[in-house]
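Q: Residue numbers (this note's numbering): 7 to 473.
Beta carbons are placed, not taken as given, at the ideal position from N, Cα and C, and that holds for glycine.
Take a look at this one; I'll ask things after.
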């Protein structure tokens, strides 16, 4: 009986210990912090959320939860909403942080959390390092040309850079399994290489390619914790918008690469593929719909986008939108339309006979259409004799208002048509999500440009006419 009782005591003691370890007990002792409710702010990707709140009294606030915080980086925001300290949360969420409002980082003391001890050790190092580095940079800029101090300061700068690199590498050597190390290493950029051309000059293109190819090497996209830090969102934005040329083919290539790197982790994959899809859903670059089409065709499958399981109709809408875009992408053959003109006769795009054809789709209620149509009319007067013509389709049904618009906005030189009964099914052949919509077809009726302001069309005309 005695042994049985002991086993019961040990069982419940172990269960209580396990329960305590699975929850959260973080004490913040901050001298000078005002009384009031503090917020615990977390992040997922590039979005912040309120994870919890806790009352601060006499400079002390204790966050206690049965359910632990999701592992990641958090902000403990003071009652004044403008001051905060950061902390990392991983599996063990029982620790203490102590500091003063007069110097939050330098005075920070952490007990019970290796991750946060390393986090603030690094922050203190970075403050000192940045001060030395910036002062060296300023001194270099202020040196007169030919000064003997330049070489000394350049050497000092190199040593400072090497010291920072050594500091970061020390975490990998001493604490390779800590969350802080994973977080810190993932946030670093690749080292620049300096490849040379045959003539000895720097090969900047190869430098960029090498840098971009190594960009994700130290980021474990299977680690969901990194999604709850700034690392994934910041690196993704930099990779796609700064390191990648803003052309559809380049974005498709490198977006595909990073999405495939994340595909094994559902949470990270969801963020990355949605971030890129949303960014280029209504692209500012010509032909950018190719990006969304590629993403949906390759990754928005029932097996991968499981977050639509409870809302399959939304996924159908996305796929339909892409299907609507597909026929009128740049490089596709622009389909013919047969619509009725002002005289009641039918005209087609192919029948215009011009070498370059602009399909102009507009609404008589659209302010941008009212602004841009006269610009296109003026442009046509200059280019019509060279082989350019305009097929102007009004997408509204009222014929009287259409005719008034044609007269008022100087469209007499256009092939003006309307299709109130959708006989031509133009909406299936040309994607029109906003008006005005412009498509430029070359002599082979291939779509060579779209979504451009009339002022942007002359270079397109010159190139198409030269073919």
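Quick check: what's the CA-CA separation for residue 15 versus residue 193?
A: As a position in the chain shown, residue 15 is number 9, starting the count at 1. As a position in the chain shown, residue 193 is number 187, starting the count at 1. The predicted model places residue 15 with a pLDDT of 38, which falls under 50 and marks its position as unreliable; any figure quoted below should be read in that light. If I take the Cα positions, the gap works out to 46 Å.
Q: DSSP puts residue 56 in a beta bridge; with which residues?
A: Working through the chain shown from its first residue, we reach residue 56 at position 50. In the DSSP output, where bridge partners are listed per residue, residue 56 has 47.
Q: Within its chain, find whatever has a CB closer than 6 Å to the CB of residue 170; leave out the 5 residues flanking it on each side and keep chain order.
A: In the chain shown, the residue the question calls residue 170 occupies position 164. Hits under 6 Å: 135.
Q: Based on DSSP bridge pairs, tell me the residues matched to residue 399.
A: Position 393 of the chain shown, counting from 1, holds the residue named residue 399. Residue 399 pairs with 367, 423.
Q: Answer yes or no: do residue 442 and residue 415 have a C-beta to C-beta separation smaller than 7 Å?
A: On the chain shown, residue 442 is found 436 positions in, with the first residue counted as 1. On the chain shown, residue 415 is found 409 positions in, with the first residue counted as 1. Against a cut-off of 7 Å, the Cβ pair of residue 415 and residue 442 comes out as no contact.
Q: Can you list the alpha helix (DSSP H) stretches of 4 or more residues lying completely in the segment 117–170, in chain order?
A: List check, alpha helix (DSSP H) in window: 120–147.
Q: Per DSSP, which one or two residues make a beta bridge with residue 312?
A: In the chain shown, the residue the question calls residue 312 occupies position 306. Answer by DSSP bridge pairing: none, since residue 312 is not bridged.
Q: Within the same chain, show all residues whose beta-carbon is closer than 7 Å to that of residue 90, passing over the 5 residues directly before and after it, in chain order.
A: Here residue 90 refers to the residue found at position 84 of the chain shown. Result list for residue 90: 81, 82, 83, 84, in chain order.
Q: Going straight from the alpha carbon of residue 59 to that of residue 427, what length do you get?
A: Working through the chain shown from its first residue, we reach residue 59 at position 53. Working through the chain shown from its first residue, we reach residue 427 at position 421. Rounded to whole angstroms, residue 59 to residue 427 spans 58 Å at the Cα level.
Q: Given this structure, state the Cα-to-Cα distance separating residue 268 from residue 229, to the nearest angstrom.
A: For this step, residue 268 is matched to residue 262 along the chain shown. For this step, residue 229 is matched to residue 223 along the chain shown. So the two alpha carbons sit approximately 10 Å from each other.
Q: From what residue to what residue does the alpha helix (DSSP H) around residue 263 run?
A: Locating residue 263 in the chain shown gives position 257, where the first residue counts as 1. Looking at the DSSP string, the run of the alpha helix (DSSP H) that includes residue 263 is 254–268.
Q: Measure how close the beta-carbons of residue 94 and residue 185 come, nearest whole angstrom, since I'm counting them as under 8 Å.
A: Indexing the chain shown from 1 puts residue 94 at position 88. Indexing the chain shown from 1 puts residue 185 at position 179. With 8 Å as the limit, residue 94 and residue 185 qualify as a contact, their Cβ atoms being about 6 Å apart.
Q: Do residue 386 and residue 401 have their beta-carbon atoms positioned less than 7 Å apart in this structure?
A: As a first step, residue 401 is located in the chain shown; it is residue number 395 there, counting from the start. As a first step, residue 386 is located in the chain shown; it is residue number 380 there, counting from the start. Not in contact: residue 401 and residue 386 (Cβ atoms no closer than 7 Å).
Q: What residues match up with residue 449 in a beta bridge as DSSP calls it?
A: To locate residue 449, count along the chain shown from 1; it is residue 443. Residue 449 is not bridged to any residue.
Q: Taking C-alpha atoms, which residue in 393, 34, 457 lies nearest to residue 116?
A: Within the chain shown, residue 116 is the residue found at index 110, counting from 1. Comparing Cα positions, the closest option is 34.
Q: Just tell me which of 360, 382, 359, 259 has its CA closest to the CA of residue 367.
A: The residue labelled residue 367 in the question sits at position 361 within the chain shown. Among 360, 382, 359, 259, the Cα nearest to that of residue 367 belongs to 382.
Q: Can you tell me which of 465, 451, 344 puts its alpha carbon nearest to the alpha carbon of residue 430?
A: Your numbering for residue 430 matches position 424 in the chain shown. With distances taken between Cα atoms, residue 430 lies closest to 344.
Q: For the beta strand (DSSP E) holding residue 81, just list the boundary residues, first then last.
A: Residue numbering aside, residue 81 sits at position 75 when the chain shown is read from its first letter. Taken as a continuous stretch (DSSP letters only), the beta strand (DSSP E) holding residue 81 covers 78–83.
Q: Indicate the three-state DSSP secondary structure (helix, strand or coil) for residue 70 in the structure shown.
A: As a first step, residue 70 is located in the chain shown; it is residue number 64 there, counting from the start. DSSP places residue 70 in strand when its eight states are reduced to three.
Q: Hey, out of 107, 274, 29, 49, whose CA is closest to residue 69's CA?
A: Here residue 69 is taken as the residue at index 63 of the chain shown, counted from 1. Among 107, 274, 29, 49, the Cα nearest to that of residue 69 is on 29.
Q: Just checking, does the segment 118–125 make contact with the segment 47–62 on the three C-beta pairs under 8 Å criterion?
A: No, they do not touch.
Q: Does the beta-carbon distance from residue 393 to residue 471 come in below 7 Å?
A: Stepping through the chain shown from its first residue, residue 393 is reached at position 387. Stepping through the chain shown from its first residue, residue 471 is reached at position 465. Yes, these two residues count as a Cβ contact at 7 Å.
Q: By the 10 Å Cβ neighbour count, where 16 or more other Cβ atoms means buried, how is residue 154 classified, buried or exposed?
A: Here the question's residue 154 lines up with position 148 in the chain shown. When all chains shown are included, residue 154 counts as exposed.
Q: Taking the Cβ atom as the reference point for each residue, do residue 234 and residue 78 lie within a distance shorter than 7 Å?
A: Stepping through the chain shown from its first residue, residue 234 is reached at position 228. Stepping through the chain shown from its first residue, residue 78 is reached at position 72. The answer is yes: Cβ separation under 7 Å.
Q: Out of curiosity, what's the CA-to-CA distance linking residue 457 and residue 349?
A: The residue you call residue 457 lines up with position 451 of the chain shown. The residue you call residue 349 lines up with position 343 of the chain shown. Their backbone Cα atoms lie some 29 Å apart in a straight line.
Q: Nearest by alpha-carbon distance to residue 43: which of 49, 86, 51, 32 is it?
A: Here residue 43 refers to the residue found at position 37 of the chain shown. When only C-alpha atoms are compared, the closest one is 86.
Q: Could you please give me the residues that DSSP links to residue 378 through a beta bridge?
A: Counting from 1 along the chain shown, the entry for residue 378 is found at position 372. Answer is none; residue 378 lacks a bridge partner.
Q: Less than 7 Å between C-beta atoms, sequence neighbours within five positions excluded: which residues of the same chain meet that for residue 9?
A: As a first step, residue 9 is located in the chain shown; it is residue number 3 there, counting from the start. Unreliable positioning characterises residue 9 in this predicted model, as indicated by a pLDDT of 47, which lies under 50. A coordinate reading is not provided.
Q: So, with DSSP's three-state summary, where would you put residue 213?
A: As a first step, residue 213 must be located in the chain shown, where it is residue number 207. Residue state, collapsed to three classes: helix.
Q: Just grab the DSSP bridge partners of residue 42 for me.
A: For the purposes of this step, residue 42 is identified with residue 36 of the chain shown, where counting begins at 1. The partner list for residue 42 (beta bridge, DSSP) reads 62.
Q: Could you work out which residue in 436, 252, 127 is closest to residue 119 when comparing CA atoms only?
A: One-based indexing of the chain shown puts residue 119 at position 113. When each option's Cα is compared against that of residue 119, the closest is 127.
Q: For residue 389, which residues of its own chain have a beta-carbon under 6 Å away from its beta-carbon, when the five flanking residues on both sides are left out?
A: By one-based count along the chain shown, residue 389 stands at place 383. Cβ neighbours of residue 389 beyond the five flanking positions: 467.
Q: From what residue to what residue does the beta strand (DSSP E) around residue 30 run?
A: Numbered from its first residue, the chain shown carries residue 30 at position 24. Residues 30–37.
Q: Under the assumption that residue 250 contacts residue 291 (Cβ atoms under 8 Å), give the Cβ distance between them as a whole number of angstroms.
A: Here residue 250 refers to the residue found at position 244 of the chain shown. Here residue 291 refers to the residue found at position 285 of the chain shown. That belief does not hold up - the Cβ atoms of residue 250 and residue 291 are roughly 11 Å apart, past 8 Å.
Q: For residue 46, which residues of its own chain have a beta-carbon under 8 Å away from its beta-carbon, when the five flanking residues on both sides are left out?
A: Position 40 of the chain shown, counted from the first residue, corresponds to residue 46. Contacts found: 56, 57, 58, 59, 60, 69, 75, 80, 81, 82, 83.
Q: How about residue 51 and residue 239: are their beta carbons less than 7 Å apart?
A: Residue 51 sits at position 45 when you count from the first residue of the chain shown. Residue 239 sits at position 233 when you count from the first residue of the chain shown. Contact: yes.
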